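Asker: Note that UniProt numbering has the sequence shown beginning at 1, numbered continuously upward.
C-beta: ideal position from N, C-alpha, C; glycine also.
All figures in this text were calculated on a predicted structure; none of them were measured in a lab.
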Amino acid sequence: MANRRTAGSGTGPQAQERALAGGRGRAAVLESVAGWVPGEPVGNERLPVDWGVDDAWVRRRTGIGSRHRAGPGVATGDLAYAAASRLLAGSTASPSSPVDAVVLATATPDHLCPGTAPALAARLGLGTVPALDIAAVCSGFVYGLALCHGLIASGLYGRILLVGADVYSTWLDPDDRSAGVVFGDGAGAALVAAGHTGDPGELLAFDLGSDGTGYDLITVPGGGARARADGKPPAPQDAYFRMQGGTVYQHAVERMTGSCRTLLERVGWEPAEVDHFVPHQANARILRAVADRVGIGPQRCVTHLDRVGNTGAASIPLALADAAGRGVLHRGDRVLLTAFGGGLTWGSAALRWPGTPQTISTDSTEGTQHVAVR
Numbered sequence: 001m002a003n004r005r006t007a008g009s010g011t012g013p014q015a016q017e018r019a020l021a022g023g024r025g026r027a028a029v030l031e032s033v034a035g036w037v038p039g040e041p042v043g044n045e046r047l048p049v050d051w052g053v054d055d056a057w058v059r060r061r062t063g064i065g066s067r068h069r070a071g072p073g074v075a076t077g078d079l080a081y082a083a084a085s086r087l088l089a090g091s092t093a094s095p096s097s098p099v100d101a102v103v104l105a106t107a108t109p110d111h112l113c114p115g116t117a118p119a120l121a122a123r124l125g126l127g128t129v130p131a132l133d134i135a136a137v138c139s140g141f142v143y144g145l146a147l148c149h150g151l152i153a154s155g156l157y158g159r160i161l162l163v164g165a166d167v168y169s170t171w172l173d174p175d176d177r178s179a180g181v182v183f184g185d186g187a188g189a190a191l192v193a194a195g196h197t198g199d200p201g202e203l204l205a206f207d208l209g210s211d212g213t214g215y216d217l218i219t220v221p222g223g224g225a226r227a228r229a230d231g232k233p234p235a236p237q238d239a240y241f242r243m244q245g246g247t248v249y250q251h252a253v254e255r256m257t258g259s260c261r262t263l264l265e266r267v268g269w270e271p272a273e274v275d276h277f278v279p280h281q282a283n284a285r286i287l288r289a290v291a292d293r294v295g296i297g298p299q300r301c302v303t304h305l306d307r308v309g310n311t312g313a314a315s316i317p318l319a320l321a322d323a324a325g326r327g328v329l330h331r332g333d334r335v336l337l338t339a340f341g342g343g344l345t346w347g348s349a350a351l352r353w354p355g356t357p358q359t360i361s362t363d364s365t366e367g368t369q370h371v372a373v374r
């Protein structure tokens, strides 16, 4: 069993956190988080009859009981706007401390060109702030946190809106039950702002990686320049999402486990010192396997996929918002995030939770919202 370091020790985790940040200085802090999922939940009993699945079959293989689907005419930008607008309505952002950049992590942009983030910024009334998309698939929110951290710690920007949103239902093959039972639609939004080292919500450290040799393991073959380069019309099935599930499982467990171990060493935490482990909500078997290998018990794992499925880049902020809304997260708690996605990409982040949040939770036929405000 790991020895827990004394909090006040000069070699303890707090000292190592300060050393990572270079002493008391400018830092990036997670300020607030919100989530949004569309419509009523689609329970396992409502899945297509010709898939030949029942609730027990789906839960046994994935841990998922329901997911949400965007309605006709609803795209990623709409879900991103729903989450972001609710976040901003309850935030401390103001004319004196504005949002001055927007980052959108998504694998399902509204169009191949241009990116969705500029339209989102305009719709939110943020004027001509810089806005860009990140295409790191399910790792996108962690990659986005790292990008926001760098932009803020460098002094370039003071407050950034980060959104993870995906509408995988638009890419699912109606005959592919393996993907159909897993994926849901949703969006999560966060504000990352300038603060000081030691502040609640401080983003402490990151570990990111990729392996392009697994490029074809998670893919939508058609639609991009590669599919058009030979001048032949794309096959209809190439418009659908494809994933080699068994191989992806092995990579996901290996990469997230390794990334977590690297990051824990970097930030100076023992596995026993992690208060909350928030992995990408891929499926229950992957979550359990990674947590077991890292050495984190199930009581410290934050899960949300049983109610919303795998929501891609939205899964981590949705899980955080849900946990905050339930009062699970407390000021100063050590939080470890990890994700894995197509590319292949993966990443982990360590942070201190911003504080005991105010919560606003509403359930309606239009969606489910959980907001945590610093």
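Are the region 107-120 and the region 52-67 touching, with three or more C-beta to C-beta distances below 8 angstroms?
Answerer: no
Asker: Look up L203 in the DSSP assignment and say whether it is helix, strand or coil.
Answerer: The residue given as residue 203 occupies position 203 in the sequence shown. It is a strand residue.
Asker: Check the DSSP bridge columns for G195 and list the partner residues they point to.
Answerer: Looking up residue 195 in the sequence shown gives position 195. Residue pairing from DSSP places G195 in a beta bridge opposite A27.
Asker: Taking DSSP as the reference, what is the three-state secondary structure of R228?
Answerer: Counting from 1 along the sequence shown, the entry for residue 228 is found at position 228. Helix at R228.
Asker: With DSSP run on the structure shown, which of helix, strand or coil describes R326?
Answerer: As a first step, residue 326 is located in the sequence shown; it is residue number 326 there, counting from the start. Correct three-state label for R326: coil.
Asker: Taking only three categories from DSSP, how would you classify S154?
Answerer: Counting from one through the sequence shown, the residue named residue 154 turns up at place 154. Correct three-state label for S154: coil.
Asker: Is P221 near the ligand FAD, judged by its Cβ being under 7 angstroms from some heavy atom?
Answerer: The ligand FAD is not part of this structure, which contains no ligands at all.
Asker: Give me the Cα-Cα distance between P174 and A194, rounded to the nearest whole angstrom.
Answerer: On the sequence shown, position 174 is the one that residue 174 refers to. On the sequence shown, position 194 is the one that residue 194 refers to. Cα to Cα, the separation comes out at about 45 angstroms.
Asker: Relative to the C-alpha of A135, which candidate in L351, G312, H330 and A83 has its C-alpha closest?
Answerer: As a position in the sequence shown, residue 135 is number 135, starting the count at 1. It is G312 whose Cα lies nearest to the Cα of A135.
Asker: Give me the Cβ distance between G164 and G188, rounded to the nearest whole Å; I'm assuming they're in contact under 8 angstroms.
Answerer: Position 164 of the sequence shown, counting from 1, holds the residue named residue 164. Position 188 of the sequence shown, counting from 1, holds the residue named residue 188. About 5 angstroms separates the two Cβ atoms, so the contact holds.
Asker: Within a Cβ cutoff of 7 angstroms, which residues of the same chain sit near L208, ignoring the five residues on either side of it in sequence?
Answerer: The residue given as residue 208 occupies position 208 in the sequence shown. Closer than 7 angstroms at Cβ, skipping near neighbours: Y143, A146 and G347.
Asker: Please determine, among I316, C148 and G245, the residue with the shortest C-alpha to C-alpha distance to P130.
Answerer: Sequence index remark: in the sequence shown, residue 130 carries index 130 (1-based). It is C148 whose Cα lies nearest to the Cα of P130.
Asker: Starting from I64, trace the alpha helix (DSSP H) both ways and give me its first and last residue.
Answerer: By one-based count along the sequence shown, residue 64 stands at place 64. Premise fails: I64 is in no alpha helix (DSSP H) and is neither H nor E.
Asker: Just verifying my parser: in three-state terms, what is the DSSP assignment at R334?
Answerer: By one-based count along the sequence shown, residue 334 stands at place 334. Strand, per DSSP.
Asker: Beta-carbon separation of G342 and T213 under 8 angstroms?
Answerer: Within the sequence shown, residue 342 is the residue found at index 342, counting from 1. Within the sequence shown, residue 213 is the residue found at index 213, counting from 1. For G342 and T213, no; Cβs fall outside 8 angstroms.
Asker: Kindly indicate which residue of E265, L264, Y249 and V267 has the alpha-carbon position closest to the one of H280.
Answerer: Start at 1 with the first residue of the sequence shown, and residue 280 comes out as number 280. When each option's Cα is compared against that of H280, the closest is Y249.
Asker: Starting from H276, trace the beta strand (DSSP E) both ways and give me its first and last residue.
Answerer: As a working mapping, residue 276 is identified with position 276 in the sequence shown. H276 to P279 is the span of the beta strand (DSSP E), which, as asked, contains H276.
Asker: Give a yes or no on contact between the region 244-259 and the region 276-294, applying the rule of three or more CB pairs nearer than 8 angstroms.
Answerer: yes
Asker: Please list, in chain order, all residues of the same chain as D306 whose beta carbon is under 7 angstroms from its beta carbon, the five residues on each side excluded.
Answerer: Taking the sequence shown and counting its residues from 1, the one referred to as residue 306 is at position 306. Only G63, I64 and G65 meet the Cβ criterion.
Asker: Go to S348, then tell me how far its beta strand (DSSP E) extends in each direction, as first and last residue.
Answerer: Within the sequence shown, numbered from 1, the residue matching residue 348 stands at position 348. Counting along the chain, the beta strand (DSSP E) containing S348 begins and ends at T345 to R352.
Asker: Alpha carbons only, please: which of D54, T108, V49 and L191 is nearest the one belonging to V29?
Answerer: On the sequence shown, residue 29 is found 29 positions in, with the first residue counted as 1. The candidate whose alpha carbon is nearest that of V29 is L191.
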